[in-house]
Amino acid sequence: MLRGVRGRLTLTIIGLVALTSLVLGVAAYAYVATSLRDQQVEAARDLTNFNVSVLAAERVPPGTARDDRRWKSLVDAFTLRGVTGTVVDFGDGDPFASGLDATSDFRQLSPSLRSIAESGNIGYERLTVDGRSLLVTAARRAPDGPSFYFFFDASEVEGAIQRLGQALVVGGLILVLVAAVVARALARRLLDPVRSAGNAAERMATGDLSARLDVESGDEFGRWAASFNRMAASLEATVAELRAAEARERRFVADVSHELRTPLTALVNEASMLREHLDDVPPGGRRVGELLVADIARLRTLVDDLMEVSRFDAAAEQLQPTEFDLETFVRAVVRAHAPGAGVVIGPRAGQVVADRRRLERVIGNLLDNARVHGEGAPIEVAVDLTGDVRGKGELLVAVLDRGPGVPPDELPLVFERFHKADPSRHLGGSGLGLAIAREHSRLLGGELTAAPRAGGGMRFELRVPVTRSLPMGDGMVTGDEQAGAALEPNTETAT
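So the sequence shown is numbered by my numbering: it starts at 3 and just counts up by one.
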């Protein structure tokens, strides 16, 4: 089947050739057929004029019996001149006829031809009798004389015209077939540069920016290929510069974070010592000390986050799956990040195999986000599993809060790095927590989504493929609808 631009171009060329062949064929057929018939009519008129001149001399006086033998001898002579039949109409209802059943053929002539003959002019018409093509001419020399009708065989002319039509049809079909082959090859040749450009664009889309087109000529396609190559080279250079700048930025962040870790570790230790002796500090300086300790802790968290982001960018992170009890794990994470949060564990929670550290990082960041931005509203955590009897399943974790939520126009940006829904706020995180959580969820092969809750607040939902250590028993959860029932929990405080 012909598809695409090449198919349409091929069909267009075939259609144009077929239409041209049809028009030229019809015109040639009409011209040749008309010419042959006109030539035959002209010859028949000349012969009729001559024959009538001869026969008019054999006029039968009124009241005298006609001599049919005499008429027969005359008309038989006309047969040698191409006449296949002759009718002499004396107007008495008993015409004389000779040759090829001319009497029956005479009765099929139209009245208009007889009227022309009676008017003294030479007329003609074409007649088909029993498959025979005949040309009939008619004339009268004297007003009171007989009318003469001459029958000429037109089979040869009509046969030639028929053979011409057949030849034109066969020739037209052959021309269309040849045009189809040529058009297909021509379309392929013309569209080769387009196909090459498409392949090069596909390679560039997959990251191979070295793709180029061959410049084979100086025509429009050649100039197009040269322009494409210049564009590709410019794009490759730009992307290389951006990658180099990105690599320099990653190295800078990693180097700065690494260099800050040593003095920051010392600051953290000193802040820890300061925290232990805050009771010995005068009340005026105690508040300053508390703020200093909190800021050092935030700075340590920021540096750790930057180090983690740099590892993501360098693709240095690898999964380390371990086996652990899901309920014990979740409750421990909640105690560490949001001790007062309500927890609901689904009925299928048990031993699973997954990357515990990354799961802890994702859930912990979600809890920290809910705690920091929830403005003291209750936090709820729901956990459940779906899966099949082979031990393959999906872990579903939902972290819900009743805070102010996120404006609809900000919702698509909540997982972007350094994004803050309210930049004017001085408290809160660095804007990296949710971005790091999303990166970890992707490494785990899962998905992290955010959506507003009915009645206010946010719902963050994590879906991660896991492996159960033991096969699921009867009553296992197998659908999102069943699992979702556990993802809108009542509060059960983690202890």
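Ideal Cβ placement from N, Cα and C applies to all residues, glycine included.
As the structure is a prediction and not an experimental result, all values here were calculated from the model.
To which residues of the same chain is residue i closer than 6 angstroms at the C-beta, ignoring the five residues directly before and after it?
i	result
Arg505	Outside the shown range of the chain, which is 3 to 497, sits residue 505, and nothing can be said about it.
Ala356	Pro323, Val468
Thr451	Glu463
Phe326	Arg358
Thr12	Leu4, Ala185, Arg186, Ala189
Ala20	Val178
Val332	Val385
Quick check on DSSP: helix, strand or coil for residue i?
i	result
Ile347	strand
Thr264	helix
Thr499	Absent from the model: residue 499. The displayed extent of the chain is 3 to 497, so no value can be given.
Ala400	strand
Ser100	strand
Ala46	helix
Val374	helix
Arg503	Residue coverage of the chain in this structure runs from 3 to 497, which leaves residue 503 outside it and unanswerable.
Ala235	helix
Ala169	helix
Gly433	coil
Glu412	coil
Gly457	coil
Gly125	strand
Asp257	helix
Glu382	strand
Arg214	coil
Val62	Because Val62 carries a pLDDT of 49, less than 50, the predicted location of this residue cannot be relied on, and no value is offered for it.
Ser75	helix
Asp221	coil
Ser55	helix
Gln41	helix
Gln164	helix
Phe417	coil
Arg109	coil
Asp476	Note that Asp476 has pLDDT 40, beneath the 50 cutoff, so the model's placement of it is unreliable and the number below is only indicative. Coil.
His428	Because the pLDDT of His428 is 48, which lies under 50, any placement of that residue in the model is unreliable, and the number read from its coordinates should be weighed accordingly. Coil at His428, not helix or strand.
Pro406	coil
Ala67	Bear in mind that the predicted position of Ala67 carries a pLDDT of just 49, short of 50, making it unreliable; the figure below should be weighed with that in mind. Here Ala67 sits in coil by DSSP.
Checking the sheet assignment: what are the DSSP bridge partners for residue i?
i	result
Phe150	Val90, Ala141
Leu450	Leu464
Arg498	In the structure as shown, the chain begins at 3 and stops at 497. Residue 498 is therefore absent and cannot be evaluated.
Ile15	Partner(s): none; Ile15 has no beta bridge.
Tyr31	Partner(s): none; Tyr31 has no beta bridge.
Glu325	Val355
Leu387	Leu397
Asp155	Leu136
Val85	Phe154
Arg470	Val354
Pick out whichever of the options has its Cα sitting closest to the Cα of residue i.
i	options	result
Glu127	Gly133, Gln110, Arg142	Gln110
Val7	Arg337, Arg197, Lys394, Pro349	Arg197
Phe98	Arg165, Ser149, Gly366	Ser149
Ala46	Val346, Ala343, Val138	Val138
Asn367	Ala239, Gly458, Phe223, Ala400	Ala400
Glu120	Pro145, Gly133, Arg253, Gln353	Pro145
Val54	Ile438, Ala140, Val466	Ala140
Gln41	Val159, Ala437, Pro284, Arg191	Val159
Ser100	Thr50, Phe152, Pro410	Phe152
Leu136	Glu248, Thr88, Gly122	Thr88
Ile365	Gln353, Gly352, Leu402	Leu402
Pro410	Arg455, Val28, Leu215, Arg250	Arg455
Glu382	Gly342, Lys394, Thr388	Gly342
Val466	Ala247, Met460, Lys394	Lys394
Glu329	Ile347, Gly407, Ala338, Gln320	Ile347
Ala379	Leu387, Arg363, Met460	Met460
Leu321	Arg444, Arg142, Gly133	Arg444
Asn123	Leu129, Leu397, Val25, Ser114	Ser114
Val498	Phe154, Leu244, Ala334	Here the chain covers residues 3 to 497 and nothing more, so residue 498 does not appear.
Near residue i, which residues of its chain fall below 8 angstroms by C-beta distance, leaving aside the five closest residues on each side in sequence?
i	result
Leu18	none
Val241	Leu211
Val217	Gly224, Ala227, Ala228, Asn231
Leu369	Val335, Val336, His339, Ala340, Ala343, Ile381, Val383, Val401
For residue i and chain C, any beta-carbon pair shorter than 9 angstroms?
i	result
Asn51	No chain C is part of this structure, which consists of one protein chain only.
Leaving out five residues on either side along the sequence, give the residues of the same chain with a beta carbon under 7 angstroms from the beta carbon of residue i.
i	result
Arg440	Phe417, Leu450
Ser23	Gly174, Leu177, Val178
Ala487	The pLDDT assigned to Ala487 is 43, lower than 50, so where the model puts this residue is not dependable; a value taken from the coordinates is nonetheless given after this. Nothing listed; no residue qualifies.
Gly448	Leu464, Arg465, Val466, Pro467
ask   = Okay, do the segment 289 to 298 and the segment 406 to 417 touch, 3+ Cβ pairs below 8 angstroms being the bar?
value = no
Inter-stretch contact at 8 angstroms, needing at least 3 Cβ pairs: the segment 202 to 221 / the segment 163 to 182 = no
message = When you compare the segment 27 to 38 with the segment 156 to 174, are there three or more beta-carbon pairs, one atom per stretch, that lie closer than 8 angstroms?
response = yes
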